[in-house]
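Each protein sequence line maps, in turn, to chains A and B. Just so you know, we're using full-length UniProt numbering here: the first sequence kicks off at 1 and counts up by one. Just so you know, we're using full-length UniProt numbering here: the second sequence kicks off at 1 and counts up by one. We put the CB at the ideal spot given by N, CA and C, even for glycine. The structure presented is a predicted model; accordingly, all values stated were derived computationally and were not measured.
Protein chains: 2
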Amino acid sequence: MTEKQVYLFEEGNASMVKLLGGKGGNLAEMTALGLPIPPGFTITTDACKSYYKQGGQLSGELQSEIRRAISTLEKVKDSRFGDANQPLMVSVRSGSVTSMPGMMDTILNLGLNDETVLGLARQTASESFAYDCYRRLIAMFGEIVLGIPSLLFSQQLENLKIHAGRESDGEITAGEWKQLTGVYQLLVKEHSGIDFPQDVYQQLNMAVRAVFRSWNNARAKVYRRLYSIPHDQGTAVNVQAMVFGNKGEDSGTGVLFTRNPSTGAKELYGEYLINAQGEDVVAGLRTPRRLAELREGMPEVYDHLAALASGLEAHYRDMQDIEFTIENRTLYLLQTRSGKRTAQAAVKIAVDLYEAGEITKEEAVCRIDAGHLDQLLHRSVAPLEELKPLAIGLPASPGGASGMIALDAETAEAWKQNGSRVMLVSAETSPEDIHGILAAEGVLTAQGGMTSHAAVVARGMGKPCVCGCDQLSIDAEERIIYLGDHILKEGDVLSIDGTSGRVYAGDVPLSDPEMTPELLKLLGLADEIRELKIYANADTPQDARISRELGAEGIGLCRTEHMFFTGTRLPTVQSMILADSREERLSLLERILPMQQSDFEDMFKAMNGLPMTIRLLDPPLHEFLPNLEQLGEQLRRLQLTGGGLEEQKRLKRMIAKIRSLQEKNPMLGLRGCRLGIQFPEIYDMQIEAVFRAAKTTAHNGIEVRPEIMIPLVGDPRELKELRALVDKVASEVLGEAFKSISYRVGTMIEVPRAAVMADKIAEHADFFSFGTNDLTQMTFGYSRDDAEGKFLNSYLDRNILSGNPFQMLDQEGVGKLIEWAVARGKEKKSFLKTGLCGEHGGDQSSIFFCQQTGLDYVSCSPYRIPYARMAAAQAVIAARDEAANKKAEAVILPIE
Amino acid sequence: MTEKQVYLFEEGNASMVKLLGGKGGNLAEMTALGLPIPPGFTITTDACKSYYKQGGQLSGELQSEIRRAISTLEKVKDSRFGDANQPLMVSVRSGSVTSMPGMMDTILNLGLNDETVLGLARQTASESFAYDCYRRLIAMFGEIVLGIPSLLFSQQLENLKIHAGRESDGEITAGEWKQLTGVYQLLVKEHSGIDFPQDVYQQLNMAVRAVFRSWNNARAKVYRRLYSIPHDQGTAVNVQAMVFGNKGEDSGTGVLFTRNPSTGAKELYGEYLINAQGEDVVAGLRTPRRLAELREGMPEVYDHLAALASGLEAHYRDMQDIEFTIENRTLYLLQTRSGKRTAQAAVKIAVDLYEAGEITKEEAVCRIDAGHLDQLLHRSVAPLEELKPLAIGLPASPGGASGMIALDAETAEAWKQNGSRVMLVSAETSPEDIHGILAAEGVLTAQGGMTSHAAVVARGMGKPCVCGCDQLSIDAEERIIYLGDHILKEGDVLSIDGTSGRVYAGDVPLSDPEMTPELLKLLGLADEIRELKIYANADTPQDARISRELGAEGIGLCRTEHMFFTGTRLPTVQSMILADSREERLSLLERILPMQQSDFEDMFKAMNGLPMTIRLLDPPLHEFLPNLEQLGEQLRRLQLTGGGLEEQKRLKRMIAKIRSLQEKNPMLGLRGCRLGIQFPEIYDMQIEAVFRAAKTTAHNGIEVRPEIMIPLVGDPRELKELRALVDKVASEVLGEAFKSISYRVGTMIEVPRAAVMADKIAEHADFFSFGTNDLTQMTFGYSRDDAEGKFLNSYLDRNILSGNPFQMLDQEGVGKLIEWAVARGKEKKSFLKTGLCGEHGGDQSSIFFCQQTGLDYVSCSPYRIPYARMAAAQAVIAARDEAANKKAEAVILPIE
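Right, here's the structure in full:
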């Protein structure tokens, strides 16, 4: 190991983010810009990887490098690490490549021990300050490095306050702090078996290892899985000379956004605490002041901060999230990064910067985390007069949501798994609650501000959140909550409006999302860039209309069986399935035909001029029949009473039919085109309905573009036979209109064999639509229903799979089959249209894959369309960047 | 259409079999050799294809060609077709490319009508002969061309005999035959609505069309499916001048094999009927004479026949099956072809010809229809003294079999589908009964000789058959049979010994097959040629020993779960699965370990020096638990009586556990390595048992070569993790012995994704074994259990699939994935061992594929090993031939 593993801030810059982490890179960049950054250094992510390779040890070389870096700090700060007179104190913080807020740990004031604390007291002439710092160090070190519950420390602090009759921390005397330090040390010894280390290098060594270790703690893993961050990226560690926001009333610490992260408005937005260290702000235990108050309290500091903020935004050409500390009216910056923002803010900021000429069209589009568009398209609470809120809190993450009150993450998760909608209600959340937030429709907390854990995480996930609702109190014993003078039980339904901060009892009407002008502008920019067409998965005329409004350029998947399920139709469909003879079935199909026809007519109207891909019947027939166990129960009951002989007969017949249709592995059974070949009369009826509708609608001046899709094809001969049926019925029904209505016939590629034999299948297909749900199931040999409950999560936890292949297209396996099929299909038929219509059509990485593979379109659910438009544009930009990189490499290579 | 569609026999030869069919090609060849062949011509298979293309019509051109060919016949025979004085009569017979005995139809005496029959009578001076011929024509034409049941004709013949008091056909007078002709004509009119055609060209035209049509009758399709003959091959039609075996006591017709088709002994073997036409022999209504009798009756004819037979065998260098007719002591040959033979005969003939220097080693090996080897390895009735047969018939197809008596094909098929073993017992069989023979363990008939339908078909399928058992009579009404003075009911168990012709009541002990010296010799020749190694699928020490005796060079698949099922172990296994805690499971696994270890020890001993591939637990755990419905029933019963509270609790617990393990698509659920990763303790135990057994056995001087196979891998990380487990346990258990025992770790490739990612998986694998059962299921998206009952047969009938992919490896789809995986795997690791262990390992075309793809071995069930050895040798020869053809083409191409 001869690679340099420690970089002074002076030695790095923002482009070294992979090695130094985001925080380290930005600290280096700001240092180079000459900003007021306390000196420090970064231990690289490579060092983290070595740590894991060496079984959790820091190499001797790394330790020497750290010592050399510390001596540089000592020189700059004119102090010495561990020195009793002029002690150097540092913070130790994690800094991963991709921001993982709240996931990693921070230790402040490191370098204090029973001796140096005295030096600090002398230096600052404040024993009280020195011991406050020391007790903080012991508690943080105890918690993070030694794993002692933080509650034990805060209980001791509370005890002390009660005994000494102190209302707030500020009233505590130096002697009392000192006494607490002793108590904390005993606590450390008792719970960890070791003494709090007096050797400051040992402190540092242990802290660095703890940061590295925290990379693999459970909540970090959950977060990475949630955001698809590679597990082998590792974290950097930043060691920085301390500045103190807790030196009294002219000191403080805070967080600042250069624009409003909720709305995107161009205004300084932030919070700070006087006489506090950074941990106090994030923990949300004290309610911070709004930044505007700083302007009054310390105007010169405020102006300095505003100037720095404006400079940083201009430098990074993006809204910044800045941490700062004021030590005796001197301003220090501790971190800057691109600020997390709501989707609404992201859109507004991107458009504002684009219109101000600061960033290009492509940059504007890439400023949107496509996932956040979901949030914009969340439903919101309808502004009705009669709705009276029970309480109002901070509008921490916009959107409306309703759900059953769950008082802890475990309950939320369990109820969600049972299919309930859940509202997580909690005093405050911590990283341990991530799975609860994930499971919940929304989050309501009693404490914490707009930058508290709950707020940050909920915004990240695009979930509505109301924070700091001080009318809320929780009785965790009795499982009830108080909202003002209202009492609700756990399990009662509660609604929140994260846009206004309002909290309501019961369900409230939610209104559909609206497109803001900024969003329309941005989507317009995306449309200028993207190459993939965006289609919708829409089964009803209503879905078709919404899709078109949201920008769909066609319907990529209309599941005709969904029309079978609607209310009054199901009994007819059931009789059709139970029919004993082909004749009986035919006559029942005659009755279903006009229903399907009328749906198709409405959809053709909605899609006037755009293609509409209609998939013929796909699921196994038994899915339309009632539950076997329930029927058995009904029959047994009748038999006991001896009544309803006719009904008994009917039940018996139905039970026998269902039994005969049952399959061991229905996923791999009689469905899709296999049904169409066994019972051609069903497909015949559906095709007839399509073309009758097409003919009628076209007569009214609508341009119809039906594309008939045959599902589950695995052999070219299946498609050949069914295509012949489509052509036959089309020419019969259309007659004269035949020439003016052009239609396509294609297939879903969802069986691995179809992908393998794509060239042969292409001979009979006008288009391929990759049905990646089933293709994933069969390529992996995973039944989604079974896998997700039985082993998929454990595979994700153990990193056997890097992502859930049902959410993110598996590019190594399923993707290879798609690439193969597209290449071989287009080789055979260059004008073959190709698209994707699985759930992956709404997933960013999958859309990127579609762009790379040269598909013509992706199809996704209606509300996912804006997301897909944006992601498709980003995919083009990413591909260009990659090509540019390749070109650059290609230029370099020949010189070598 | 300008291609020539009719070939005179003088114009063709045996190499034109694709165009002329087997019969046509050989008739042409024999004509060229100057043998006594009645003149004739062949209508090509291309004409058959045109017939289907033209919707069942003969083109004008074809009809002209036929007329021209008929005029040539007229010249040669000095007669005219349809002429009242010198009438020409012809036979019309099908002749497909691949022999399909009994599948297609024949019409004799065509050209007779109310006028020409008088000419024939004058010519032959026998009105009786002429009208016998005419009534035969009307009956055959009525049945085959017009679809009138033959029974109606034979009933009229019976009526006539009763009224006229005639015992046999020979006693019937000319007047009576003439009268019958009239009756038959009325019958034709009545049942078909048309008159029997008097225009002889119309007769011919209709007959040719009927032959073409018969290509697609149901039984022909079944036969082709059974023997994988392409449906689009078509049949030729042979039109040949009649010679008459029914001209009295110095005429006759018969069938001859140049060697004994049952034993292979070098002797003329055949049967004939005096004063008969060919149909009489095949129909089995009259019991024919043995050929030896001809030597006494007509010695000069016999000698001529023997000389011709010997010449034909020498010419074709194979045993021939010859049809002949004697017309007034003049011998004519009507057909020659390679004779069908039992496996035993095939082996003996091949070895005899090889040792006589007539054929090469490669030819000898290719003379065996690998399928027939099964027959040799059928079990036979043990020769026990106390076994007394109920009756004795002709030993028509060797081997012993037992089964429930079924009196018709439908019953046989239905019972077989219910899982019963069936014995088809019938007066005689006809092509309509094929599905019954297919379903039966063996066949017993009352009538017919060694060349009767039942005998030929049963030999072809390698099923035991006893024919012409005249002690057998059947009461189809009462569903009982008489065997001498014994009465048995349908459903009673009956046994036959097809080698001796003996019939026994009930089950009889069957002894394992023996390898004859000829078979050993031939397998030795195959071993010299083949390149693929042959492994066995063997789960028990007994199977391992048998496999080795039959020539296995290793075990390719030992399914360890089969050891879990054996009697006393299952309860322990069930408790292990039901265990609530890991601890409880571990302690139960401790108890299973020595059982598995002891099995492995015995198997290692049996395989001394050869590799043994051990697959870790594969099926879902619920397969080991009892049936849910039965448990529910038990519980309900207990609840009603209120008894067995403890038992109720146990049942409830078990039901809950089974419910929790149930899956919607178990094929795609928690099984294979997914289990191994979820419950590492189970795999841990199995691996420990393997290596403990290896260590113990190796101590006793046995060479052990364990190869641990991880099932259902879909991602390289699964294999990586489990391989690490194997290596860990191996080093722990083996300790010192570690270096002397070498083992391999590999995986089954049975999930499509594993094939796609083969390069990555190869990094962690020493071998790939293609599990083509599951790979076929997932690549097609067919659940075998569901597909075979629900749609697979209909797909085969409609020719959507050309073969059942679970029997014959699908080379276009599944095969492509295998080729890809082998290529990518070996690219990554050149010494990667590859094999196939699905059921396809015992299928000929699949073995050919393995050879082409360059696999190292195939693994099949023990008794299939000789078959696989032979097929593997044939695969090498086929590959050489193909390469030679390609080379020849390559030489030709540049000249073009």
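Spatial neighbours of residue i within its chain, please: C-beta separation below 7 Å, excluding the five flanking residues on both sides.
i	result
R850(B)	Reading off the sequence shown, one finds Cys at residue 850(B), where the question assumed Arg. So the qualifying residues of the chain are L532, L836, V858.
P261(B)	Y269, G339, K340, R341, T342, A345
R824(A)	A758, D759
G479(B)	According to the sequence as given, residue 479(B) is Arg; it is not Gly. Same-chain partners within the cutoff: L407, K489, E490.
L180(A)	R135, Q156, L157, L160
Residue i touches chain A at which residues, Cβ-Cβ below 7 Å?
i	result
S794(B)	Q678
F791(B)	L670, R674, Q678
E718(B)	I800
Using a Cβ-Cβ cutoff of less than 6 Å, which residues in the same chain neighbour residue i once the five nearest sequence positions on both sides are dropped?
i	result
S575(B)	L588
K833(B)	F767, D856
M319(B)	T258, R259, G339, I349
Can you pull the chain B residues whose beta carbon is under 9 Å from the beta carbon of residue i, in chain order?
i	result
L593(A)	Those within 9 Å of L593(A) in chain B number zero; the least Cβ separation is about 25 Å.
Tell me which same chain residues have a C-beta within less than 8 Å of the C-beta of residue i, skipping the five on either side of it?
i	result
E10(A)	A28, T31, A32
G147(A)	S192
Compute every distance between the C-beta of residue i and the non-hydrogen atoms of the ligand FMN, then say whether any falls below 8 Å.
i	result
G264(B)	Here there are no bound small molecules, and the ligand FMN is not part of this structure.
Whose CA, out of the options, lies closest to the CA of residue i?
i	options	result
A218(A)	L796(A), I677(A), G56(A), A364(A)	L796(A)
S310(A)	E590(A), E267(A), L621(A), K23(A)	E267(A)
G449(B)	K463(B), S397(B), Q202(B), M423(B)	S397(B)
C673(A)	G554(A), D715(A), E441(A)	D715(A)
T173(B)	T560(B), L152(B), D132(B), I144(B)	D132(B)
E74(B)	L8(B), N26(B), K829(B), L108(B)	L8(B)
G22(A)	V237(A), L152(A), S126(A)	V237(A)
Give the residues of chain B in contact with residue i, contact being defined as C-beta atoms less than 7 Å apart.
i	result
D715(A)	I800, L801
Taking C-beta pairs closer than 8 Å, name the residues in chain A that residue i reaches, listed in chain order.
i	result
D786(B)	E663, K664, N665, P666, L668, G669, L670
L712(B)	G781
So which residues of chain B does residue i contact, with C-beta pairs closer than 8 Å?
i	result
E681(A)	Per Cβ cutoff of 8 Å: no residues; E681(A) is ~15 Å from chain B at best.
For a contact defined as C-beta to C-beta under 9 Å, what are the partners of residue i on chain A?
i	result
E721(B)	R798, I800
Beta carbons nearer than 7 Å to chain A: which residues of the segment 750–783 of chain B have them? So the close ones are V751, P752, R753, V756, M757, Q777, M778, T779, F780, G781, Y782, S783.
Residues in the segment 800–827 of chain A having any Cβ partner in chain B nearer than 7 Å: Those residues of the segment 800–827 of chain A that come within reach of chain B (Cβ to Cβ, closer than 7 Å) are I800, L801, E812, G813, K816, L817.
Near-chain B residues of the segment 651–669 of chain A (beta-carbon distance less than 8 Å), N- to C-terminal order: Taking 8 Å as the Cβ-Cβ cut-off against chain B, the residues of the segment 651–669 of chain A that qualify are E663, K664, N665, P666, M667, L668, G669.
Please give me, in chain order, every unbroken run of the alpha helix (DSSP H) with length at least 4 that falls completely inside the segment 645–678 of chain A. Qualifying alpha helix (DSSP H) stretches, in chain order: 645–661, 673–678.
Quick one: which unbroken alpha helix (DSSP H) runs of 4-plus residues sit fully inside the segment 390–436 of chain A? Chain order, please. Scanning the segment 390–436 of chain A for uninterrupted alpha helix (DSSP H) segments of 4 residues or longer gives 409–417, listed from N- to C-terminal end.
Whole runs of the beta strand (DSSP E) within the segment 70–152 of chain B, excluding any shorter than 3 residues: DSSP runs (the beta strand (DSSP E)) wholly in the segment 70–152 of chain B: 90–96, 106–110.
Entirely enclosed beta strand (DSSP E) segments - the segment 437–518 of chain A, minimum 3 residues: Runs of the beta strand (DSSP E) inside the segment 437–518 of chain A: 442–445, 465–467, 472–475, 480–483, 486–489, 493–497, 502–505.
Minimum length 4: unbroken alpha helix (DSSP H) runs contained in the segment 564–596 of chain A: Whole alpha helix (DSSP H) segments, 4+ residues: 570–578.
Could you tell me which uninterrupted beta strand (DSSP E) segments, each at least 3 residues in length, are contained entirely in the segment 274–357 of chain A, listed from first to last along the chain? The qualifying runs are 320–327, 330–338.
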